[in-house]
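Asks: Residues 838 to 1102 in the numbering used here are what the sequence shown lists, from first letter to last.
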Amino acid sequence: MAVYFMPEVNLSYAIYNGDISHISEIPAKGGILNDCLCPNCGEVVIPKRGAILSHHFSHKPSSNCGASTASETALHMYAKKIIANMKSVVLPDLRVSGDVLFSSRDAYVASSAIEHRHDSGFISDAVLHTDIGEIIVECVVTHAPCPETVEKMNDSRCACVVVDMSGWPRSLTPSEIHIRLLSGYGWKWITHPNIETAKRKREIEKAITDSLTIQVTSSTSTRFIATVDGRNVNCIMPGDVSVDDAMRSLCCRFGAERISNVTRA
Ligand SMILES: [Zn+2]
């Protein structure tokens, strides 16, 4: 029985006619006239379609570009190509401190763009305009988004996801990449506007619990209904408190802009 040596990484993708393409997408006689370029170094790569090794592209012997690095760049580019054309995606759970704010769900993509420059100044791999709003997408093959980008994403108060492809085999075919991306494999939220809202809601609940604790030590108390961030909450304050004092106290605690109404219960 013959034993064949299989190299660890073969370059399966090249730029063909200006588009990132898998070797299976290159016409049988195409790519031999110097029209396939390495996605990493831009040099000409030659399609190899032998009977033994899996079909792949090969740099010229003089090249210093590694197939491993070129394959990482290729995976990143091909993922962006698929994302730019996806019509739906399975979004991951959105969690804060273990609580699920919303469960994994399908989002329908009306339009998309790659290399998107956000108003906040950062450039993401893609933006998806979906039925649940704009979603910024960053694909990660080897490097996590830099801290400055993550900070800008947080400041933008947009919904941002990272697609973690770091553990994906570099030999994946287009259809395998396609299936992974559409099923939400590796998708994780970096930030989402609802996270801040949930944190504020939790702050309010904690502050109200604290105020309820205070009244236990007082022999008299006054009950109010206050509207905090548009939500009616019961408040019990120690002693005989006027509505004006209750309003002042709640404004100090939550900020005047968040209190819209205080009445005796
Ligand atoms: Zn190269």
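All residues carry an ideal CB built from backbone N, CA and C; glycine is no exception. In this text the structure is predicted, and so the values were computed from the model without any measurement.
So what does DSSP say about residue 855, is it helix, strand or coil?
Replies: Residue 855 sits at position 18 when you count from the first residue of the sequence shown. Reduced to three states, the DSSP call for residue 855 is coil.
Asks: Rank 1080, 1066, 1067 by C-alpha distance to the C-alpha of residue 1058 and give the top, closest one.
Replies: For the purposes of this step, residue 1058 is taken as residue 221 along the sequence shown, with counting starting at 1. When each option's Cα is compared against that of residue 1058, the closest is 1080.
Asks: Let me know the secondary structure DSSP gives residue 987 once reduced to three states.
Replies: In the sequence shown, counting from the first residue as 1, residue 987 sits at position 150. Helix at residue 987.
Asks: Of all Cβ atoms in chain B, is any one closer than 8 Å to the Cβ of residue 1062?
Replies: Looking for chain B here will not work: only one protein chain is present.
Asks: Helix, strand or coil for residue 1062, going by three-state DSSP, please let me know.
Replies: Residue mapping note: residue 1062 aligns to position 225 of the sequence shown, counting from 1. Residue 1062 falls in the strand class under three-state DSSP.
Asks: May I ask you to verify whether the region 927 to 942 touches the region 951 to 963, counting CB pairs closer than 8 Å and requiring at least 3?
Replies: No contact exists between the region 927 to 942 and the region 951 to 963.
Asks: Quick check: the region 985 to 999 against the region 892 to 901, are at least 3 beta-carbon pairs closer than 8 Å?
Replies: No, the region 892 to 901 is not in contact with the region 985 to 999.
Asks: Alpha carbon to alpha carbon, how far is residue 847 from residue 922?
Replies: For the purposes of this step, residue 847 is identified with residue 10 of the sequence shown, where counting begins at 1. For the purposes of this step, residue 922 is identified with residue 85 of the sequence shown, where counting begins at 1. Rounded to whole angstroms, residue 847 to residue 922 spans 26 Å at the Cα level.
Asks: At which residues does the alpha helix (DSSP H) containing residue 915 begin and terminate?
Replies: Residue numbering aside, residue 915 sits at position 78 when the sequence shown is read from its first letter. Element bounds for residue 915: 904 to 920.
Asks: In this structure, does DSSP put residue 1002 in helix, strand or coil?
Replies: One-based indexing of the sequence shown puts residue 1002 at position 165. The answer is coil: DSSP assigns residue 1002 none of H, G, I, E or B.
Asks: Is residue 877 helix, strand or coil by DSSP?
Replies: What you label residue 877 is simply residue 40 of the sequence shown in a count that begins at 1. Correct three-state label for residue 877: coil.
Asks: Hey, quick one: how far does the beta strand (DSSP E) through residue 884 stretch, first residue to last?
Replies: Taking the sequence shown and counting its residues from 1, one reaches residue 884 at position 47. Per DSSP, residue 884 belongs to the beta strand (DSSP E) from 882 to 885.
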